[in-house]
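Participant: Got a structure for you, questions after.
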Amino acid sequence: MAGLRQLSLSLLLAMGLARGLPEYQLAKAYVGPDFFNDDDWEWWNGPDPTNGAVRYVDKDTASSAGMINATQGRVYVGPDLENVRAGEGIPSVRIQSKKLFNSGLFVVSVEHQPTGCGVWPAFWMDGTDGSHPWPTRGEADLIEGAHGQTRVFTTLHTDASCDQSSVKSGEDFSGSWNPGKFGNPASNCSIHAVDQSKNQGCSQEGPADTMGAGFNLKGGGTFAFEWDPVAGYFRAFAWDMGEEPEDLKSGQPRPSTWGLPYSMFRLTDSTCPASYFQSLRMILNTDFCGDWGEVPEDSFHTACPHVPTSMTCPEYVSLHAKNLTEAYWMLKRLDVYQKSKNRDTRIVI
Numbered sequence: 022m023a024g025l026r027q028l029s030l031s032l033l034l035a036m037g038l039a040r041g042l043p044e045y046q047l048a049k050a051y052v053g054p055d056f057f058n059d060d061d062w063e064w065w066n067g068p069d070p071t072n073g074a075v076r077y078v079d080k081d082t083a084s085s086a087g088m089i090n091a092t093q094g095r096v097y098v099g100p101d102l103e104n105v106r107a108g109e110g111i112p113s114v115r116i117q118s119k120k121l122f123n124s125g126l127f128v129v130s131v132e133h134q135p136t137g138c139g140v141w142p143a144f145w146m147d148g149t150d151g152s153h154p155w156p157t158r159g160e161a162d163l164i165e166g167a168h169g170q171t172r173v174f175t176t177l178h179t180d181a182s183c184d185q186s187s188v189k190s191g192e193d194f195s196g197s198w199n200p201g202k203f204g205n206p207a208s209n210c211s212i213h214a215v216d217q218s219k220n221q222g223c224s225q226e227g228p229a230d231t232m233g234a235g236f237n238l239k240g241g242g243t244f245a246f247e248w249d250p251v252a253g254y255f256r257a258f259a260w261d262m263g264e265e266p267e268d269l270k271s272g273q274p275r276p277s278t279w280g281l282p283y284s285m286f287r288l289t290d291s292t293c294p295a296s297y298f299q300s301l302r303m304i305l306n307t308d309f310c311g312d313w314g315e316v317p318e319d320s321f322h323t324a325c326p327h328v329p330t331s332m333t334c335p336e337y338v339s340l341h342a343k344n345l346t347e348a349y350w351m352l353k354r355l356d357v358y359q360k361s362k363n364r365d366t367r368i369v370i
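Rendered as structure tokens:
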């Protein structure tokens, strides 16, 4: 009888695996007419912590200026280029989720990303609040780039040392390490790492045309970011729009079947404890210039050589706002998944 019971269990397990039961289940699909629901988002309209040439506005201002729009299948978020005043920065939007997360699978389909000289868009997660100064609870930059950059940067920031030197390009992830201050891989997530640029964190570069004009020209794409502190990693995947795995298209995601991620960071007690990242909120914003947009090594003029070296990035965006018409987001999907209840309890006997 025991042998029969064991055989039955094995068969049931095999059937469950063959059916491809999802590893995650949908917690919330954000995109829709109520995307800007006050229950879901807070609006940042204080000074920019990263010193950008930007003026973040509140919801009423954004709505009346036509900076936001939400329909059943699309969400638009863009700057107000009609009311740019010298010295005050570009009116823009920064929203952050009221819900805090400690794990999850975050899937965003983007038809259009902000791009152009002086433009610094990001979809990211951060745990900073009045009791926890940045980055004591960690930061995870999921989609980030500046000045028409063509490859997405995915980056972690921590206060204490978070050593990712054991994570190998080509073995653990398909992307590449961004260089540190001396050409070394930027594989220490600590903002205090002496061989990396100020506040650089551990930063990896994704595939071609995952940012910028090329990304928009091909119709955008989908990013999936898996944060699993129990398994011990952050992983990031990207596909062209419509090329997502079938399990993700059907809302039954199984990241273990997706192959090599383009970005991967380990969370282990010996190198980078999972506790370094906790109570993070999702953030979507478009900044202009700012700490990354102008340094290191004058990245603005390097990326935009047509701009006279005598003109600063803030001067450029203020005087030439007409050149910022591509600085908008168009989201098709923003879904948050949590571990499926079926994942560890497929069979009950």
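Letter by letter, the sequence shown follows residues 22 to 370 in this note's numbering.
We treat Cβ as the ideally placed atom computed from N, Cα and C, and that holds for glycine.
1. Quickly, what does DSSP pair Lys49 with across the bridge? List them, please.
2. Roughly how many angstroms separate the alpha carbons of Gly53 and Ala342, rounded to a whole number?
3. Which ranges would you report for the beta strand (DSSP E) in the segment 99-160 if only whole runs of at least 3 residues count?
4. Using the Cα positions of Gly191 and Ser208, report the straight-line distance between them to the nearest angstrom.
5. Decide if Ala181 is buried, meaning its Cβ has at least 16 other Cβ atoms within 10 Å, or exposed.
6. Are Lys120 and Asp162 touching if we call contact CB-CB under 9 Å?
7. Apart from the five residues just before and just after Thr149, which ones in its own chain have a Cβ nearer than 6 Å to its Cβ?
8. Measuring alpha carbon to alpha carbon, tell me which of Asn220, Tyr349, Leu301 and Asn66 ends up nearest Glu132.
9. Going by alpha carbons, who is nearest to Val105 out of Arg76, Phe244, Gly125 and Ile89?
10. What span of residues does the alpha helix (DSSP H) with Ser284 cover, start to end?
11. For the alpha helix (DSSP H) containing Gly233, name the first residue and the last one.
12. Give the straight-line distance between the Cα atoms of His153 and Phe56, rounded to the nearest whole angstrom.
13. Measure the Cβ-Cβ separation of Gly196 and Ser284 and say whether it is below 9 Å.
14. Does DSSP put Gln27 in a helix, in a strand, or in coil?
15. Using DSSP with H/G/I as helix, E/B as strand and the rest coil, what is Glu267?
16. Between Val98 and the rest of its own chain, which residues show a CB-CB distance below 6 Å, the 5 nearest in sequence each way excluded?
17. Whose C-alpha, out of Pro100, Asp147 and Lys270, is nearest the C-alpha of Ser303?
18. With H, G and I counted as helix, E and B as strand and the rest as coil, what does DSSP make of Pro335?
19. Just curious, the beta strand (DSSP E) that Thr307 is in, first and last residue?
20. How do the segment 285-297 and the segment 249-264 stand: do at least 3 beta-carbon pairs fall below 8 Å, yes or no?
21. From which residue to which residue does the beta strand (DSSP E) around Asp59 run?
22. Which runs of the beta strand (DSSP E) at least 3 residues long sit entirely within the segment 192-243? Give them in chain order.
23. Use the C-beta contact count for Phe203: other C-beta atoms within 10 angstroms, 16 or more gives buried, fewer gives exposed.
Facilitator: Let me spell this out:
1. Residue pairing by DSSP places Lys49 opposite Val357 in a beta bridge.
2. In a straight line, the C-alpha of Gly53 is about 30 Å away from that of Ala342.
3. Taking only runs of at least 3 residues, the beta strand (DSSP E) segments lying wholly in the segment 99-160 are 111-113, 115-118, 125-133 and 140-147.
4. Cα to Cα, Gly191 sits roughly 15 Å from Ser208.
5. Per the 10 Å Cβ criterion, exposed.
6. Not in contact: Lys120 and Asp162 (Cβ atoms no closer than 9 Å).
7. Excluding residues up to 5 positions away in sequence, Trp155 lie with their Cβ nearer than 6 Å to the Cβ of Thr149 in the same chain.
8. For Glu132, the nearest C-alpha among the options comes from Tyr349.
9. Per the Cα distances, Arg76.
10. First-last for Ser284: Ser284 to Arg287, but that is the beta strand (DSSP E), not the alpha helix (DSSP H).
11. First-last of the alpha helix (DSSP H) with Gly233: Gly233 to Leu238.
12. Those two C-alpha atoms are separated by around 28 Å.
13. Closer than 9 Å, so yes.
14. For Gln27, the predicted model reports a pLDDT of 46, less than 50, meaning its position is unreliable; a value from the coordinates is still stated below. Annotated three-state conformation of Gln27 is helix, per DSSP.
15. Looking at Glu267 - three-state DSSP - the assignment turns out to be helix.
16. Listed in chain order, the non-local C-beta contacts of Val98 below 6 Å within the same chain comprise Ile89, Val114 and Trp350, local neighbours out to five positions each way being set aside.
17. Note that residue 303 is Met in the sequence shown, not Ser. Nearest to Met303 by alpha-carbon distance, out of Pro100, Asp147 and Lys270, is Asp147.
18. Pro335: helix per DSSP, three-state reduction.
19. Unbroken beta strand (DSSP E) run through Thr307: Arg302 to Phe309.
20. For the pair of segments examined, the segment 285-297 was found to touch the segment 249-264: the number of CB pairs separated by less than 8 Å reaches three.
21. For Asp59, there is no enclosing beta strand (DSSP E), as DSSP marks it with neither H nor E.
22. Counting whole runs of 3 or more residues, the segment 192-243 contains the beta strand (DSSP E) stretches 223-229.
23. With fewer than 16 other Cβ atoms within 10 Å, it is exposed.
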